[in-house]
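K.L.:
The structure follows.
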Amino acid sequence: MTLPKYAILEQERRFLLDPDALPPLPGPEGWLIEDLSVRSSRLRLRAMTAFDGSAPVFKLCKKYPRDDPRGGPIVNIYP
C-alpha cells in the first residue's frame with residue numbers, strides 16, 4: 007500500500023473486556039474525548055480535555071478511504 011504524503015498507517019483495535027475482571031482504577035485520571043465530524047468529508051476535529059483540569063488538546067484528523075477494515079492511512083494535525 008502506498009501511503010499519501012504525511013500519512014501514517016492506523017491499525018484499528020477493539021477489545022471486549024469483562025469489567026468484573028479489571029483491577030480498580032487509582033482515581034479519576036484520563037481524558038474526556040469529544041469528536042466533531044465534518045459532514046461529507048473525512049475530517050474530524052477532536053478535543054481532548056484531561057480530568058486534571060489542564061488546557062484541552064485539539065487535533066484535526068483526516069482518514070483516507072481504505073479497503074481493509076482493520077486500518078488505513080490517517081493524518082493528524084496538532085495546532
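In this note's numbering, the protein residues as written are 7 to 85. No residue lacks a Cβ here, since even glycine has one placed at the ideal position from N, Cα and C.
Do Gln17 and Gly77 have their C-beta atoms closer together than 8 Å?
P.N.:
Taking 8 Å as the Cβ cut-off, Gln17 and Gly77 qualify as a contacting pair.
K.L.:
What residue from Leu23, Leu38, Ile83 and Leu28 has the CA that sits closest to Ala53's CA?
P.N.:
Checking every option, the nearest Cα to that of Ala53 belongs to Leu38.
K.L.:
Is the CB-CB distance between Arg48 and Lys65 below 8 Å?
P.N.:
Contact: no.
K.L.:
Beta-carbon within less than 8 Å of Gly33's beta-carbon, same chain only, minus the 5 sequence neighbours each way: which residues are those?
P.N.:
There are no such residues.
K.L.:
Does DSSP put Ala13 in a helix, a strand or coil?
P.N.:
Residue state, collapsed to three classes: coil.
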